[in-house]
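Heads up, the thing below is written out as structure tokens.
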Amino acid sequence: MHRFKDLEIWKRSRLFCSDIYKITSKFPESEKFGLTNQLRRASVSIPSNIAEGSSRKSDKDFSRFLEITLGSAYEIETQLLIAHDLKFISEHEINQLSNELAEIIKMTSRFKSTLK
């Protein structure tokens with residue numbers, strides 16, 4: 263069992279989630295139940311699945327939750343591109359968020375590869 267609060271990927275993904283909430287608060291009201299909701303749910307999923315997976319008894323189970331985490335991260339990547347296409351976020355914002363997300367993906371993938 264791993265202590266999720268000690269995991270750097272959990273810490274960074276939690277901060278990333280806050281960034282997503284801040285950026286989506288500027289989206290049009292008409293997107294409240296669309297892209298805003300989708301991005302927020304997917305961003306919450308990342309630290310949540312890391313936390314839930316860390317409580318599992320086997321590394322194999324934890325690894326499965328990290329797979330879900332990665333799926334959510336790629337979902338966010340796509341949604342950020344759509345938000346940029348729609349001019350909801352600037353070039354600077356998408357670059358900043360995409361770079362942090364790429365780091366979270368790399369860290370998660372590396373950590374996952376250490377689990378047996």
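Under the working numbering, the final residue of the sequence shown carries the number 378; numbering is consecutive throughout.
For every residue, glycine included, the Cβ atom is placed at its ideal position computed from N, Cα and C.
Can you give me the C-alpha to C-alpha distance between residue i and residue j, rounded to a whole angstrom?
i, j, result
"Asn299", "Ser375", "31 angstroms"
"Glu329", "Glu362", "18 angstroms"
"Lys349", "Glu270", "32 angstroms"
"Ser280", "Leu359", "11 angstroms"
"Ile282", "Asn311", "17 angstroms"
"Pro290", "Thr370", "32 angstroms"
"Leu301", "Glu355", "14 angstroms"
"Glu353", "Ile285", "13 angstroms"
"Glu292", "Phe373", "Note that residue 292 is Ser in the sequence shown here, rather than Glu. Between Ser292 and Phe373, the C-alpha separation is close to 38 angstroms."
"Leu277", "Ala364", "14 angstroms"
"Thr351", "Lys294", "The sequence as given places Ile at residue 351; Thr does not occur at that position. Each residue's Cα considered, the two are about 15 angstroms apart."
"Phe416", "Trp272", "The structure shown has nothing for residue 416, since the chain only spans 263 to 378."
"Ser287", "Asp268", "29 angstroms"
Under 8 angstroms by Cβ, that's how I've got residue i and residue j pegged, so tell me the actual separation to the nearest angstrom.
i, j, result
"Ser316", "Phe266", "4 angstroms"
"Met274", "Ile366", "The identity of residue 274 in the sequence shown is Arg, whereas the question assumes Met. Indeed they touch by this definition, with Cβ atoms about 6 angstroms apart."
"Leu297", "Ala345", "6 angstroms"
In this structure, does DSSP put residue i in helix, strand or coil?
i, result
"Lys319", "coil"
"Ser287", "coil"
"Ser307", "helix"
"His264", "coil"
"Ser375", "helix"
"Lys368", "helix"
Can we say the region 332 to 345 touches the region 303 to 317, given the rule of at least three CB pairs closer than 8 angstroms? yes
Would you call the region 339 to 348 and the region 315 to 323 touching, i.e. three or more CB-CB distances under 8 angstroms? no
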